[in-house]
């Protein structure tokens, strides 16, 4: 069993990570660092600390999960590695590729695992899309389009999220997820184009983006905005044999906020109304119908992290892959 310290108890710490650590028997959620909330209300057995330094002084801690504001990720991860702790970093990994490369090299020198919380690799919708592509149901894929839209015209109450710095904005917040998904599916693109915009009144950060990744015959489009009030398709795929369109988003975050825990039977299962629509040829027969969405399971990331730390499996979310993501985001920022 690995002793875990969680740094931060906001959305990510409280809802997206702590529940998975608490239900996985390979982890002991020993410590949570929080200055504004009382984690004991939700996880009575944890020890509450006020600083990262207190955690690093605890020799019993094996893994530190960093869920603090974006601008702290590089500094905190470096301190953890230097203290000989394994590290899980909430996305975005770092603000720059230079910082990411330094952390990767340091983790190798210290013999410690560092991974990034790219949980949306294990979303129900993305895993379904991935299987549709891998099973060749659309033939040769020609167009892959993803929208990660929200309607949030009011500025975030958390001031650090609206501060104009290198690690903030919708590109690093939501773009880090769907760029990562594209890299998982198709690797590093041949060419990159993109732009970010500021659309909300009073905003100081980018709150929409339009990205094009060129993979030769395959063209990838990734878009996001915080001012989309009418939901459109989340995934739109075209191939030489057919099309696949998927509405709706993975329900794990909503389930966790509602108190549905990862070890419950209904966790991660989307409603049938969100099933994707496929129109294609299968073995010479034309088929148009729905494909039931696979069950989402962010717990895969946590179990794999345990197995990688204990030498039982290869790490799924490799920092070298996330480095490529950061290089793409830096390139888009330069346009």
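Numbering (my numbering), first residue to last: 15 to 349.
All residues carry an ideal CB built from backbone N, CA and C; glycine is no exception.
A quick note: this is a predicted structure, and the numbers were derived from the prediction, not measured.
Item, Value
"Would residue 139 and residue 293 qualify as a contact pair, given that the criterion is a beta-carbon distance under 9 angstroms?", "no"
"Smallest Cα separation from residue 337: which of 109, 149, 180, 244?", "109"
"For residue 209, which residues in the same chain have their Cβ closer than 6 angstroms to its Cβ, ignoring the five residues on either side in sequence?", "224, 349"
"Does the beta-carbon distance from residue 196 to residue 340 come in below 9 angstroms?", "no"
"So within the segment 255–343, which uninterrupted alpha helix (DSSP H) runs reach at least 4 residues, ignoring any that extend past its ends?", "266–271, 313–323"
"Between the C-alpha atoms of residue 222 and residue 187, what's the straight-line distance to the nearest angstrom?", "11 angstroms"
"Rounded to whole angstroms, what is the Cα-Cα separation between residue 30 and residue 38?", "14 angstroms"
"Applying the criterion that 16 or more other CB atoms from any shown protein chain within 10 Å of the CB defines a buried residue, is residue 150 buried or exposed?", "exposed"
"In chain order, which continuous runs of the beta strand (DSSP E) of length 3 or greater are located wholly inside the segment 66–142?", "77–80, 100–104, 128–131"
"Using DSSP bridges, identify the partner residues of residue 15.", "Its beta-bridge partners do not exist; DSSP assigns none."
"Tell me which residues share the same chain as residue 310 and place their Cβ nearer than 6 angstroms to its Cβ, disregarding the 5 neighbours each side in the sequence.", "137, 138, 264, 266, 282"
"Three-state secondary structure (DSSP) at residue 28?", "helix"
"In the DSSP assignment, find the unbroken beta strand (DSSP E) run with residue 222 in it and report its ends.", "222–229"
"Per DSSP, which one or two residues make a beta bridge with residue 46?", "20, 62"
"CB residue 92 to CB residue 70, shorter than 9 angstroms?", "no"
"Can you check which of these residues, 261, 129, 100, is closest to residue 106 by C-alpha distance?", "129"
"Between residue 276 and the rest of its own chain, which residues show a CB-CB distance below 7 angstroms, the 5 nearest in sequence each way excluded?", "33, 34, 37, 313"
"Hey, which unbroken runs of the alpha helix (DSSP H) at 4 residues or more fall wholly within the segment 156–231?", "190–200"
"Helix or strand or just coil, what does DSSP make of residue 37?", "helix"
"For a test of the three-state rule: what should DSSP assign to residue 234, helix, strand or coil?", "strand"
"Grab me the residues of residue 167's own chain with a C-beta within less than 8 angstroms of its C-beta, minus the 5 sequence neighbours each way, in chain order.", "214, 215, 240, 241"
"Excluding the 5 residues preceding and the 5 following residue 327 in the sequence, name in chain order all residues of the same chain whose CB lies nearer than 8 angstroms to its CB.", "318, 321"
"Count the other CB atoms within 10 Å of the CB of residue 42; is the residue buried (16 or more) or exposed (fewer)?", "buried"
"With a CB to CB cut of under 8 angstroms and the five nearest residues on each side skipped, what residues in its chain are close to residue 204?", "228, 229, 230"
"If we count Cβ pairs, one from each stretch, closer than 8 angstroms, do we get three or more for the segment 153–170 versus the segment 250–262?", "yes"
"If you count every other CB in all the chains shown that lies within 10 Å of the CB of residue 165, and 16 or more means buried, which is it?", "exposed"
"Just to confirm before moving on: does the CB-CB distance between residue 158 and residue 185 stay below 9 angstroms?", "no"
"Considering Cα atoms alone, identify which of 85, 117, 76, 90 is closest to residue 100.", "76"
"For residue 316, I'd like the list of residues in its chain whose CB is within less than 6 angstroms of its CB, leaving aside the five on either flank, ordered along the chain.", "34, 38"
"Alpha carbon to alpha carbon, what distance is there between residue 24 and residue 114?", "24 angstroms"
"Out of curiosity, what's the CA-to-CA distance linking residue 118 and residue 88?", "11 angstroms"
"Are residue 63 and residue 19 close, meaning C-beta to C-beta below 9 angstroms?", "yes"
"Hey, residue 323 and residue 127: beta-carbon distance below 9 angstroms or not?", "yes"
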